[in-house]
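Take 1242 as the starting number for the sequence shown in this note's numbering and just add one per residue. The beta carbon of each residue, even a glycine, is placed where N, CA and C say it ideally should be. None of these values were measured; they are calculated from a predicted model.
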Amino acid sequence: MHISEGVLSTPVLVGGGLITLAGTVIGVKAIDTEKIMSVALFSSVFFVASFIHVPVGPVSIHLLLSGLLGLILGWAAFPAILAALFLQAVLFQYGGLLVLGVNTAIISIPAVFFGLIMKRGLQSNGSKRFALSFIAGSLPILLSSLLMASCLILSHAGFQDTSLIVILWNIPVAILEGIITAFTVGFLSRVQPEILSFSSRQS
């Protein structure tokens, strides 16, 4: 879910950059020594997941796992996603440096939002945890696609058709990410509950 350079207007680029700057500052402050390894690990997970392409008709789209990052890292998802997108832009020319702020914002805002509001509910067990994890994994993708569409339309009204296609293409990805997140949370709650801030009694 990358917007290429030369597409967005200056106000959208500036706005996205300022949001990413603010989110990254908050995220860095939220990282303590115990979280550094988790941030590095899940930044790498995000980086690798973006290379797993999912065919949808004549096109292909890729995973993000941003909802999972939001659940585990909270505000720290901002610097984790920023670092991964920066490396993708530099090493593989995905997106670009000028749109780095916007791309980070459209992925990180939904991840952090749903991660923070759904985190406490994941302390439940069984089907309720699975359902909440699915929601926390899928809805950030849909919201990110809406944010991306908004950025495109705000930059140029001619992007309306493209924006609709972007949203539709991301519906199957959202479902897949919800399933992956739900099973991942279930697995982590059994083998390493502390990474989800679960006590041993809650797992």
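> What first and last residue would you give for the alpha helix (DSSP H) that runs through ALA1281?
Replying inline: As a position in the sequence shown, residue 1281 is number 40, starting the count at 1. Looking at the DSSP string, the run of the alpha helix (DSSP H) that includes ALA1281 is 1277-1290.
>> So, for MET1359: in the same chain, excluding its five sequence neighbours on each side, which residues have a beta-carbon less than 7 angstroms away from its beta-carbon?
In response: Position 118 of the sequence shown, counting from 1, holds the residue named residue 1359. The answer, listed in chain order, is LEU1312, LEU1373, ILE1376 and ALA1377.
> Cα-Cα, which of VAL1289, GLY1356, ASN1344 and PHE1333 is closest to VAL1255?
Replying inline: Along the sequence shown, read from residue 1 onward, the residue named residue 1255 stands at position 14. Minimum Cα distance to VAL1255 is reached at ASN1344.
> Taking the runs of the beta strand (DSSP E) that are 3 residues or longer, which of them lie wholly in the region 1331-1360?
Replying inline: Uninterrupted beta strand (DSSP E) stretches at least 3 residues long and entirely within the region 1331-1360 do not occur.
>> Among GLY1362, TRP1316, ALA1390 and ALA1321, whose alpha-carbon lies nearest the alpha-carbon of ILE1406?
In response: Numbered from 1 along the sequence shown, position 165 holds the residue referred to as residue 1406. Distance check between ILE1406 and each of GLY1362, TRP1316, ALA1390 and ALA1321 places ALA1390 closest, using alpha-carbon atoms only.
> From what residue to what residue does the alpha helix (DSSP H) around PRO1434 run?
Replying inline: Here residue 1434 corresponds to residue number 193 of the sequence shown, with the count starting at 1. Counting along the chain, PRO1434 falls outside any alpha helix (DSSP H), and DSSP gives it neither H nor E.
> Between PRO1351 and SER1307, which are expected to be in contact by the criterion C-beta below 8 angstroms, what is the C-beta distance as a whole number of angstroms?
Replying inline: On the sequence shown, residue 1351 is found 110 positions in, with the first residue counted as 1. On the sequence shown, residue 1307 is found 66 positions in, with the first residue counted as 1. Contact holds; Cβ gap of about 7 angstroms.
>> Which same chain residues end up closer than 6 angstroms to LEU1429 when comparing Cβ atoms and leaving out the 5 residues on each side of it in sequence?
In response: Taking the first residue of the sequence shown as 1, we reach residue 1429 at position 188. Apart from the 5 residues on each side of it in sequence, LEU1429 sits with its Cβ closer than 6 angstroms to the Cβ of ILE1436 and LEU1437 in its chain, given in chain order.
>> On the DSSP bridge list, what partners appear for HIS1397?
In response: For this step, residue 1397 is matched to residue 156 along the sequence shown. None, per the DSSP bridge assignment.
> By Cβ distance, which residues of its chain are closer than 8 angstroms to ALA1271, with the 5 residues on each side in sequence left out?
Replying inline: Here residue 1271 refers to the residue found at position 30 when the sequence shown is read from its first residue. Counting only Cβ-Cβ distances below 8 angstroms, and skipping sequence neighbours, we find GLY1315, TRP1316 and ALA1317.
>> Less than 7 angstroms between the C-beta atoms of SER1396 and VAL1266, yes or no?
In response: Sequence index remark: in the sequence shown, residue 1396 carries index 155 (1-based). Sequence index remark: in the sequence shown, residue 1266 carries index 25 (1-based). Between SER1396 and VAL1266, the C-beta spacing is not below 7 angstroms.
>> Measuring alpha carbon to alpha carbon, tell me which residue in LEU1341, HIS1303, ARG1431 and PHE1292 is nearest PRO1413.
In response: Taking the sequence shown and counting its residues from 1, the one referred to as residue 1413 is at position 172. Of the residues LEU1341, HIS1303, ARG1431 and PHE1292, the one whose Cα lies closest to the Cα of PRO1413 is HIS1303.
> Can you tell which of MET1278, VAL1286, GLY1419 and PHE1319 has its C-alpha closest to the C-alpha of PHE1258?
Replying inline: Numbered from 1 along the sequence shown, position 17 holds the residue referred to as residue 1258. This sequence places Gly at residue 1258; Phe is not what is there. Nearest C-alpha to GLY1258: PHE1319.
> What residues in its chain sit with their C-beta under 6 angstroms from that of SER1404, if we drop five residues either side in the sequence?
Replying inline: For this step, residue 1404 is matched to residue 163 along the sequence shown. Correct list, in chain order: ALA1390, LEU1393 and ILE1394.
>> Taking its Cβ as the centre, do 16 or more other Cβ atoms sit within 10 Å of GLY1298, making it buried, or is it exposed?
In response: Along the sequence shown, read from residue 1 onward, the residue named residue 1298 stands at position 57. With a pLDDT of only 44 at GLY1298, under the threshold of 50, the placement of this residue in the model should not be trusted, and no figure is reported.
> If we count the other Cβ atoms within 10 Å of its Cβ and call it buried at 16 or more, is VAL1280 buried or exposed?
Replying inline: Indexing the sequence shown from 1 puts residue 1280 at position 39. By the 10 Å Cβ count, VAL1280 comes out buried.
> Who are the Cβ neighbours of GLN1329 in its own chain at under 6 angstroms, not counting the five residues just before and after it?
Replying inline: As a working note, residue 1329 is residue 88 in the sequence shown. Excluding residues within five positions, the ones whose Cβ falls inside 6 angstroms are TYR1335.
>> I need the DSSP call for ILE1322, collapsed to helix, strand or coil.
In response: Translated into positions along the sequence shown, residue 1322 becomes position 81. DSSP, read as helix, strand or coil, puts ILE1322 in helix.
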